[in-house]
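See structure below.
There are 2 protein chains.
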Amino acid sequence: MPQAKQQKRNSRLDQLLDAAASHFAAKGYRETTIREISGDVGMLPGSVYYHFPSKHELLLAVYEQGVGRMLQRIEKAPGIDSNDPWKRVEATLVAHLDAILDQSDYARVLISVRPDQVPEVADDLKALRDRYEARFASHIDALTLPPDVDQRLMRLMLIGAANWSQIWYRPNGQSPAEIGKAFVDLLRKPLDPSS
Amino acid sequence: MPQAKQQKRNSRLDQLLDAAASHFAAKGYRETTIREISGDVGMLPGSVYYHFPSKHELLLAVYEQGVGRMLQRIEKAPGIDSNDPWKRVEATLVAHLDAILDQSDYARVLISVRPDQVPEVADDLKALRDRYEARFASHIDALTLPPDVDQRLMRLMLIGAANWSQIWYRPNGQSPAEIGKAFVDLLRKPLDPSS
DNA sequence: GTCTATAATGTGATAGAC
DNA sequence: GTCTATCACATTATAGAC
Numbered sequence: 001m002p003q004a005k006q007q008k009r010n011s012r013l014d015q016l017l018d019a020a021a022s023h024f025a026a027k028g029y030r031e032t033t034i035r036e037i038s039g040d041v042g043m044l045p046g047s048v049y050y051h052f053p054s055k056h057e058l059l060l061a062v063y064e065q066g067v068g069r070m071l072q073r074i075e076k077a078p079g080i081d082s083n084d085p086w087k088r089v090e091a092t093l094v095a096h097l098d099a100i101l102d103q104s105d106y107a108r109v110l111i112s113v114r115p116d117q118v119p120e121v122a123d124d125l126k127a128l129r130d131r132y133e134a135r136f137a138s139h140i141d142a143l144t145l146p147p148d149v150d151q152r153l154m155r156l157m158l159i160g161a162a163n164w165s166q167i168w169y170r171p172n173g174q175s176p177a178e179i180g181k182a183f184v185d186l187l188r189k190p191l192d193p194s195s
Numbered sequence: 196m197p198q199a200k201q202q203k204r205n206s207r208l209d210q211l212l213d214a215a216a217s218h219f220a221a222k223g224y225r226e227t228t229i230r231e232i233s234g235d236v237g238m239l240p241g242s243v244y245y246h247f248p249s250k251h252e253l254l255l256a257v258y259e260q261g262v263g264r265m266l267q268r269i270e271k272a273p274g275i276d277s278n279d280p281w282k283r284v285e286a287t288l289v290a291h292l293d294a295i296l297d298q299s300d301y302a303r304v305l306i307s308v309r310p311d312q313v314p315e316v317a318d319d320l321k322a323l324r325d326r327y328e329a330r331f332a333s334h335i336d337a338l339t340l341p342p343d344v345d346q347r348l349m350r351l352m353l354i355g356a357a358n359w360s361q362i363w364y365r366p367n368g369q370s371p372a373e374i375g376k377a378f379v380d381l382l383r384k385p386l387d388p389s390s
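First to last, the protein sequences are chains A and B. Take the first sequence: its position 182, counting from 1, is numbered 182 in the working numbering, and each next residue is one higher. One rule links them: number in the working numbering = place in the second sequence (from 1) + 195.
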């Protein structure tokens, strides 16, 4: 790569990342071709390799951007500094849902492209996923729960439900904020009157 | 296809389906080659096309098998005829988790190969998914819930949490039955003492 | 029903001019 | 930094012998 870091936004390199993220998110890694990506930014296929040494390194760069953005989004989420720990969990979850449902192709790539599908960088992709999830987990594990509750399973349930929403979410239905609040409330409040 | 239906188990055709399911589940559709599948059953690549007209029709056949097996599994799940509706939900969920976590490559394909990744049969794959989920939903929607609860979101939360477990599940950890019970209990019982 | 041979295509990637 | 030209390769799929 030509410049180490801190290239200004909307540089040629960023355009490539954006185009790659868009296609990876919509169709998957293998289904996306270098030709499509380069075409989107008005470049010829060969030129891409001046910026990235290979297709999988391009995916890795998208993943890195994605993790960075999602971490930022969580830290800045409205309500993340609330005194109520359940509010903080809800804020974290809504920020996550916002990212993967509405806005960023980068976030969607994190969810839909599985590390195993790209052996050359599988370990790096996994590490990036773990880094994000650890941060996410730290907000959820701050809750004080009844002693018989498996906190890890609770967190995985929440993350799983959220990530899967990418499959059924439609923009004209409930908002990410509504969905997030509903998921958290389903955990907080009892559904079974006899329990 | 040579025979319309009802070929006996372990016919050559079934071996092909098994091999295909195994690879699709482990690596994805695109990442799997006809060579690998044919090799597994001691056949040459070209011979596969006597049994299936194309790779995506082979995937479709795997999907169909998968849906059939998962539906069967739900109907026969222990506890599915319980008088307690929450027990029936748990039985349904555990049957689902059993299928996608432990046993069947066919079930895993249903979860991990997204219809959009195979445009030629995307609509058929979606229809098969819907058929299964409708059956699943009928068991869950039989619950009587508090009026302020969105039953659809509750169901989607459960399915999402279950499907996502494929990402983090390890055979030496909690069993599918334990995970399923935990998920259902997290919904039934309140986590927040002040609520 | 399977094999041999091969067609047809699309792909990631490279070398070197500009 | 981009383009031109192209390589090298893997893949799905087909035609026809056995």
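Beta carbons: idealized from backbone N, C-alpha and C, even for Gly.
C-alpha distance - residue i paired with residue j, whole-angstrom precision
i      : j      : result
B:T339 : B:V284 : 12 Å
B:E373 : A:L186 : 20 Å
B:V243 : B:H251 : 12 Å
A:A142 : B:D235 : 49 Å
B:D311 : A:K87  : 36 Å
B:E328 : A:R35  : 37 Å
A:P119 : A:T32  : 16 Å
A:D84  : A:D130 : 26 Å
B:S206 : B:A221 : 23 Å
B:Q298 : B:P371 : 11 Å
B:A214 : B:A377 : 33 Å
B:K384 : B:Q346 : 16 Å
A:S54  : B:G261 : 36 Å
B:G237 : A:K126 : 35 Å
Coil, strand or helix - residue i by DSSP
i      : result
B:D209 : helix
A:F52  : coil
B:D279 : coil
B:S370 : coil
B:L338 : coil
B:L386 : coil
A:P78  : coil
B:E226 : coil
B:G375 : helix
A:L198 : Past the boundaries of the shown model lies residue 198 of chain A; chain A is included only from 1 to 195, so the question cannot be answered.
B:Y327 : helix
B:R309 : coil
B:S242 : helix
A:D148 : coil
B:V236 : coil
A:Y106 : helix
B:R268 : helix
A:A4   : Bear in mind that a pLDDT of 45 at A:A4, under 50, signals an unreliable position, so the number given afterwards is only what the model happens to contain. Residue state, collapsed to three classes: coil.
B:R350 : helix
7 Å CB neighbourhood of residue i in its chain, flanking five on each side removed
i      : result
B:D319 : L255
A:G68  : none
A:Q3   : Because the pLDDT of A:Q3 is 47, which lies under 50, any placement of that residue in the model is unreliable, and the number read from its coordinates should be weighed accordingly. If we look at A:Q3 and ignore the five residues flanking it on each side, it has no Cβ neighbours.
A:P45  : I34, R35, S38
Test item: CB-CB of residue i and residue j under 9 Å
i      : j      : result
B:I275 : B:A357 : no
A:V149 : B:L292 : no
B:G355 : A:G160 : yes
B:I232 : B:L253 : yes
A:R114 : B:S360 : no
B:L351 : A:W168 : yes
B:Y317 : B:V289 : Rather than Tyr, the amino acid found at residue 317 of chain B in this sequence is Ala. No; because the gap between Cβ atoms is not below 9 Å, this pair is not in contact.
B:E259 : B:L348 : no
B:R225 : A:G28  : yes
A:P146 : B:P388 : yes
B:I269 : B:H218 : no
Nonlocal neighbours in the same chain, by C-beta distance under 6 Å from residue i, ignoring five residues either side
i      : result
B:H246 : L208, L211
B:A216 : V257, D300, Y301, V304
A:Q174 : none
8 Å Cβ shell around residue i - same chain, five flanking residues per side excluded
i      : result
A:A137 : R155
B:V379 : W281, V284, E285, L288, L353
B:S277 : R283, A286
Could you run through the region 223 to 249 of chain B and flag, in chain order, every residue whose CB is less than 9 Å away from some CB of chain A? G223, Y224, R225, E226
May I ask you to list, following chain order, the residues of the region 280 to 295 of chain B that have a beta carbon less than 8 Å from some beta carbon of chain A? W281
Chain B contacts made by the region 176 to 193 of chain A, where a contact means CB separation under 8 Å: I179, A182, F183, L186, L187, R188, K189, P190, L191, D192, P193
Listed from N- to C-terminal order along the chain, which residues in the region 110 to 130 of chain A have their beta-carbon within a distance smaller than 8 Å of any beta-carbon of chain B? S112, R114, D116, Q117
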